[in-house]
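Using the working numbering, the letters of the sequence shown correspond one by one to residues 13 to 433.
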Amino acid sequence: MTGETRVLLVVAGGIAAYKALELIRRLREQSIRVRCILTRSGAEFVTPLSLSALTEDKVYGELFSLTDEAEMGHIQLSRDADLMVVAPATADLIAKMAQGHADDLASTTLLATDKEILIAPAMNVRMWDHPATQANIATLQERGVALVGPNEGDMACGEFGYGRMAEPHEIVAAVLSALGREPRSTAGGGPLAGRSALITSGPTHEAIDPVRYIANRSSGKQGHAIARALSGLGAKTTLVTGPTQLQDPSGMDVIHIESAQQMLAACENALPADIAVCAAAVADWRVASQSNRKIKKTGSDGIDSGVPKLELTPNPDILASLSQRGNDRPGLVVGFAAETEDVIRQATQKRARKACDWIVANDVSPESGTFGGADNTVHVIDAQGVDSWARMDKSDVAQRLAERIADHFNGGLTAPAPAPL
Ligand SMILES: Cc1cc2nc3c(=O)[nH]c(=O)nc-3n(C[C@H](O)[C@H](O)[C@H](O)COP(=O)(O)O)c2cc1C
Numbered sequence: 013m014t015g016e017t018r019v020l021l022v023v024a025g026g027i028a029a030y031k032a033l034e035l036i037r038r039l040r041e042q043s044i045r046v047r048c049i050l051t052r053s054g055a056e057f058v059t060p061l062s063l064s065a066l067t068e069d070k071v072y073g074e075l076f077s078l079t080d081e082a083e084m085g086h087i088q089l090s091r092d093a094d095l096m097v098v099a100p101a102t103a104d105l106i107a108k109m110a111q112g113h114a115d116d117l118a119s120t121t122l123l124a125t126d127k128e129i130l131i132a133p134a135m136n137v138r139m140w141d142h143p144a145t146q147a148n149i150a151t152l153q154e155r156g157v158a159l160v161g162p163n164e165g166d167m168a169c170g171e172f173g174y175g176r177m178a179e180p181h182e183i184v185a186a187v188l189s190a191l192g193r194e195p196r197s198t199a200g201g202g203p204l205a206g207r208s209a210l211i212t213s214g215p216t217h218e219a220i221d222p223v224r225y226i227a228n229r230s231s232g233k234q235g236h237a238i239a240r241a242l243s244g245l246g247a248k249t250t251l252v253t254g255p256t257q258l259q260d261p262s263g264m265d266v267i268h269i270e271s272a273q274q275m276l277a278a279c280e281n282a283l284p285a286d287i288a289v290c291a292a293a294v295a296d297w298r299v300a301s302q303s304n305r306k307i308k309k310t311g312s313d314g315i316d317s318g319v320p321k322l323e324l325t326p327n328p329d330i331l332a333s334l335s336q337r338g339n340d341r342p343g344l345v346v347g348f349a350a351e352t353e354d355v356i357r358q359a360t361q362k363r364a365r366k367a368c369d370w371i372v373a374n375d376v377s378p379e380s381g382t383f384g385g386a387d388n389t390v391h392v393i394d395a396q397g398v399d400s401w402a403r404m405d406k407s408d409v410a411q412r413l414a415e416r417i418a419d420h421f422n423g424g425l426t427a428p429a430p431a432p433l
């Protein structure tokens, strides 16, 4: 394993271990050599033979193995790698790492390593939320261990919440970022290699006074997922995001803003870009004159000041502004239309009004569960017509949209993402 970038991948005993197979395949596409340590529990979920076939290498499992220790000792295993990745990282292995246990090959190597460690936790939402796990994660992060995910979504156990392992393409982006390598573009792969993408995500907050603001229910999940998917296909990605509860995706520039005016300025700064996807829920209006001081209910005389009258003024229209720029207009501008009724007709009109190339229309009526939820039902509207997609997870919507964008630039030649293993 000399002369190449090398990852030592620990596969622990979680239901997400099957995704380690796709992760290895994707890392190898990036010309990264992978060697595996499989925990005893991990071997209940994936076989050493599958890992060995995909890595084209021996799979290590036992600490007290005469042959393994002679050929490749546990210290040498990590010395020989540029980065250690744990995917899936079980609650148990995370606890062992935090406590410094060394009772099997995986935990011993993780304790003995002098290399950076990236973990992709995967577990039931209650296990993830448990104060013990959260304390262990905080300890590891304090020690410099990098984290990718977990994501929110439906889980194999039938529950919903945080705990689902990050998708393989997200882990690859985090690996490349930890290794200081550009995602895919410099590795020569990826249908969007050499392209740049600007994505807006989340809500905007429009201040009324220093403590109050006007906001909306956007969670940023869809926009963040699109940024990750475009980055995963090789685009050099800039994410401009309003305030959300989400972790910053790795492997891209993330710019945090609060108001629509700040979002527009950040977008203009990020130009030129080949692709712009405006998924943020930008407030249409802001308060015409923000107060520098907290608006009081009572005056200095203690008398009720009455209900303040808030005059609103329109915010800049970021989608229209990017769509109608001159020389530095992005080659493809994609907007989102959040509608509560007559979704396709409203979105078609919006596409014409804004002069963007595509509109992704979604139903955000309260009964749809789209705002804040994990799934989305979308219709992609372009000059040719309407392409309606079945309801799917937001990360699948993002992946499909990113592939459609890659097709647009490559004349329909982008291979679809591999089916999940
Ligand atoms: C069917 C099944 C699925 C499991 N899935 C997970 C999981 O997703 N995440 C987790 O932290 N533990 C999970 N566990 C529990 C771990 O396998 C158990 O804690 C084990 O000791 C982990 O060992 P390891 O960390 O050395 O691989 C699961 C157990 C079973 C039986």
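For every residue, glycine included, the Cβ atom is placed at its ideal position computed from N, Cα and C.
Values in this document were obtained by computation on a predicted structure and should not be read as measured data.
Confirm, please, whether the CB-CB distance from Arg240 to Ala158 is below 8 Å.
no
Val22 versus Ala168: straight-line alpha-carbon distance, rounded:
When only Cα atoms are considered, Val22 and Ala168 end up about 21 Å apart.
What whole-angstrom Cβ distance do Gly254 and Ala291 have, given they're in contact under 8 Å?
No, Gly254 and Ala291 are not in contact; Cβ-Cβ is about 11 Å, not under 8 Å.
Reference Glu353; option with closest CA among Pro203, Asn374 and Val19
Asn374
When the distance is taken between beta carbons, is Leu191 closer than 8 Å to Leu95?
yes
At the level of alpha carbons, what is the spacing between Lys108 and Ala144?
12 Å
Residue from Ile307, Pro222 and Leu334 with nearest C-alpha to Met275
Its Cα nearest to that of Met275, the residue Leu334 stands out among Ile307, Pro222 and Leu334.
Classify Asp369: buried if its beta carbon has 16 or more other beta carbons within 10 angstroms, exposed otherwise.
buried
Just confirm the distance between the C-beta atoms of Pro215 and Ala418, as a whole number of angstroms; I'd bet it's less than 8 Å.
Wrong, their Cβ atoms sit about 28 Å apart, outside the cutoff.
When the Cα atoms are used, what is the spatial distance from Ala288 to Ala278?
13 Å
Residues in the same chain with beta-carbon distance under 8 Å from Pro162, minus the five sequence neighbours each way, listed in chain order, please.
Closer than 8 Å at the Cβ level, and outside the excluded window around Pro162, lie Ala132, Pro133, Ala134, Met135, Trp140, Tyr174, Gly175, Arg176, Met177 and Ala178.
Less than 8 Å between the C-beta atoms of Thr67 and Arg47, yes or no?
Taking 8 Å as the Cβ cut-off, Thr67 and Arg47 qualify as a contacting pair.
So is Pro98 buried or exposed if we call it buried at 16+ other beta carbons inside 10 Å?
The sequence shown places Val at residue 98, rather than the Pro named in the question. Buried, by the Cβ-count rule.
Cβ-heavy atom distance between Asp141 and ligand 1 below 7 Å?
no
Coil, strand or helix - Asn213 by DSSP:
Sequence check: residue 213 is Ser here, not Asn. Three-state DSSP puts Ser213 in a strand.
Can the beta-carbon of Gly211 be found less than 8 Å from the beta-carbon of Gly244?
The amino acid occupying residue 211 in the given sequence is Ile; Gly does not appear at that position. No.
Quick one: does the C-beta of Thr102 sit closer than 7 Å to a heavy atom of ligand 1?
yes
Exposure label - Asn148; buried when at least 16 CB within 10 Å:
The residue is buried, with at least 16 neighbouring Cβ atoms inside 10 Å.
Report yes if the CB atom of Leu188 is closer than 8 Å to the CB atom of Gln361, and no otherwise.
no
Cβ-based burial, Pro342 [other Cβ within 10 Å; buried from 16]
buried
So what's Leu334 in DSSP terms, helix, strand or just coil?
If DSSP states are grouped into helix, strand and coil, Leu334 belongs with the helices.
Cutting at 7 Å between CB atoms, please list the residues of its own chain near Leu75, excluding the five before and the five after it.
Answer for Leu75: His86, Asp116, Leu117 and Thr120, listed in chain order.
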